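FYI, in the numbering used here the residues of the sequence shown are 2 to 278.
One structure below.
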Amino acid sequence: MNNILSLEFFRLKRSKLFWALFGVCAGLPLVSMLLTAVLVFLSSLLIEESLAWGDIWLALRQSNMTGSLLSSLPGVTGDCAIFALICSSIFVSGEFKYGTYRNMLLANRSRLEIYFSYLIMAVTIGASYMTASFVTSLLFGGAIFGFGTVSALTAFTEVITSFTMGLISVLFVQSMMCMFLFVTRKLSVGLTCPLLICILLPSVIMTIVQVVTMLLTLGGNVVEADLSWIPIYNSTLLDLSGRVDGEMIGKILLYELPLTAFFVGMGWVGFRKADLK
């Protein structure tokens, strides 16, 4: 496995796609912060009161914008998760395209070594993009906006929670991609299916829940739907700009950890039985 990983890390370092999307992930939080600052400045120009700019900027710093930026990292619909999914699926699927897997098998490499080597590569890509976005959000967000009025301990908890949940989200998305890719050995499936699940499935489930709730309400029943139980969608509801919600974190992990284990297992089962001739 070490030889396979050494070769793949060498390929990854020479990949233009990897570095291009890495730069995008690192720069997007900064762009978001600059746009926010510009909007605040433009808003102050529309207010004739004295010290309007200072008042708005003070309110913005007290709102813990850094925590809001860090809250987006654990979401499976975030920019860095989508870019990592695109890069890793293209990178790993190239080995099927050029027959590298068959050559490895002929060189007495086990399928278990091959599967987990490329799973590690996919997770590495996802973790790299997430970390780049995390560092940019933390450094520039902390310098420009600070952490609002929360205590140092709360701010530290926000940072640790964001990074940890971000890594779990990376494992979830990349293991799902590997499952589809190793079972079908097709880039179109390995890329499209995870994108649909991460982007469309939560919205579809949420819409169904809201429609059912509305119909029950019209029928005279008082129903309050708890959307925080919707799988995948609930990761987008995580808010780290104030008190860290342990209950919400538990609901997210309740789905993501078992599903990650399921994806890893099913991907291995599919690859182990695949005919690579």
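Ideal Cβ placement from N, Cα and C applies to all residues, glycine included.
Predicted model, so just to flag it, every value in this text is computed and none were measured.
Beta-carbon separation of S89 and A128 under 8 Å?
Here residue 89 is taken as the residue at index 88 of the sequence shown, counted from 1. Here residue 128 is taken as the residue at index 127 of the sequence shown, counted from 1. In this structure, A128 does not lie closer than 8 Å to S89 by Cβ.
Let me know the secondary structure DSSP gives Y116 once reduced to three states.
Reading the sequence shown from its first residue, position 115 is the one you call residue 116. In this structure, Y116 counts as helix in the three-state DSSP scheme.
Pair within 8 Å by beta-carbon distance, V18 and S94
Locating residue 18 in the sequence shown gives position 17, counting from the first residue. Locating residue 94 in the sequence shown gives position 93, counting from the first residue. It is Leu, not Val, that sits at residue 18 in the sequence shown. No, Cβ-Cβ distance for L18 and S94 is not below 8 Å.
Given L219, which residues of its chain have a CB within under 6 Å of its CB, disregarding the five upstream and five downstream residues?
Sequence index remark: in the sequence shown, residue 219 carries index 218 (1-based). Excluding residues within five positions, none has a Cβ falling inside 6 Å.
I'd like to know whether the C-beta atoms of I115 and I209 end up nearer to each other than 8 Å.
For the purposes of this step, residue 115 is identified with residue 114 of the sequence shown, where counting begins at 1. For the purposes of this step, residue 209 is identified with residue 208 of the sequence shown, where counting begins at 1. No, these two residues do not count as a Cβ contact at 8 Å.
Straight-line gap, D246 to T101 (C-alpha atoms, nearest Å)
On the sequence shown, position 245 is the one that residue 246 refers to. On the sequence shown, position 100 is the one that residue 101 refers to. Roughly 46 Å between the two C-alpha positions.
In this structure, how does DSSP classify A27 when only helix, strand and coil are distinguished?
Against the sequence shown, residue 27 aligns to sequence position 26. The answer is helix: DSSP assigns A27 an H, G or I state.
Using C-beta distances below 7 Å, list every residue in its chain close to L202, excluding the 5 sequence neighbours before and after it, in chain order.
For the purposes of this step, residue 202 is taken as residue 201 along the sequence shown, with counting starting at 1. Excluding residues within five positions, the ones whose Cβ falls inside 7 Å are I233.
Using only the alpha-carbon positions, how far apart do A153 and M180 sit?
Translated into the one-based positions of the sequence shown, residue 153 becomes position 152. Translated into the one-based positions of the sequence shown, residue 180 becomes position 179. Between A153 and M180, the C-alpha separation is close to 41 Å.
Whole-angstrom distance between T37 and S51, CA atom to CA atom:
Working through the sequence shown from its first residue, we reach residue 51 at position 50. Working through the sequence shown from its first residue, we reach residue 37 at position 36. At S51 the pLDDT is 49, less than 50, meaning the model places this residue with poor confidence and gives no usable figure here.
Is it the case that the Cβ atoms of S134 and C81 are separated by a distance below 8 Å?
Translated into the one-based positions of the sequence shown, residue 134 becomes position 133. Translated into the one-based positions of the sequence shown, residue 81 becomes position 80. Taking 8 Å as the cut-off, the beta carbon of S134 is found closer than this to the beta carbon of C81.
Going by DSSP in three states, P232 sits in which element: helix, strand or coil?
As a working note, residue 232 is residue 231 in the sequence shown. Coil, per DSSP.
Just the C-alpha distance for V205 and F11, rounded to the nearest angstrom, thanks.
If you number the sequence shown from 1, residue 205 lands on position 204. If you number the sequence shown from 1, residue 11 lands on position 10. Distance between the alpha carbons of V205 and F11 is about 40 Å.
Since I87 and L238 are thought to touch, with beta carbons under 8 Å apart, how far apart are those beta carbons, to the nearest angstrom?
In the sequence shown, counting from the first residue as 1, residue 87 sits at position 86. In the sequence shown, counting from the first residue as 1, residue 238 sits at position 237. With a Cβ gap of about 25 Å, I87 and L238 do not count as contacting.
Just to confirm before moving on: does the CB-CB distance between L228 and M215 stay below 8 Å?
Taking the sequence shown and counting its residues from 1, the one referred to as residue 228 is at position 227. Taking the sequence shown and counting its residues from 1, the one referred to as residue 215 is at position 214. Contact flag unset, no.
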